[in-house]
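The block underneath contains the structure these notes are about, expressed in structure tokens.
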Amino acid sequence: MRNAILSAIFEQMADIMEILGEDPFRINSYRKVSRTLSELPADVGALLEDGRLARTPGIGKSSLAKIRE
Numbered sequence: 837m838r839n840a841i842l843s844a845i846f847e848q849m850a851d852i853m854e855i856l857g858e859d860p861f862r863i864n865s866y867r868k869v870s871r872t873l874s875e876l877p878a879d880v881g882a883l884l885e886d887g888r889l890a891r892t893p894g895i896g897k898s899s900l901a902k903i904r905e
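The opening residue of the sequence shown carries number 837 in our numbering; numbering runs sequentially from there.
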């Protein structure tokens, strides 16, 4: 459930950045994080706790910090 919620939040942030005319690279990065979160095989909380989320392709340091928030 948390995966879907976080995925939706990242997608909404990308939509808002697109409306505001932000950097397309950042927008695409947020959309990639959204897709990655929605496709995770386990709960994001468990992956964050054991360090596997930090090693997940598509999740960078900046995104990881936002997820921790």
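Glycine included, every Cβ here is placed at the ideal spot set by N, Cα and C.
Where residue i sits in the DSSP three-state scheme
i      : result
ARG888 : coil
LEU856 : coil
ASP851 : helix
GLY896 : coil
ALA882 : helix
Cβ of residue i within 9 angstroms of any chain D Cβ
i      : result
GLY894 : Annotation note: the requested chain D is absent from the structure, which comprises a single protein chain.
Boundaries of the alpha helix (DSSP H) in which residue i is found, first to last residue
i      : result
PRO860 : 860-874
CA-to-CA distance, residue j to residue i, given in whole angstroms
i      : j      : result
GLN848 : GLU875 : 17 angstroms
PRO860 : MET853 : 9 angstroms
SER898 : ALA840 : 19 angstroms
Residues of its chain near residue i, where Cβ-Cβ distance is below 6 angstroms and the 5 sequence neighbours each way are ignored
i      : result
LEU883 : LEU889
PHE846 : TYR866, VAL869, SER870
Under 9 angstroms between C-beta atoms of residue i and residue j
i      : j      : result
SER870 : SER843 : yes
VAL880 : ILE903 : yes
GLY887 : THR872 : no
Close beta carbons around residue i, own chain, < 7 angstroms, minus the five adjacent residues each side
i      : result
ARG862 : MET853
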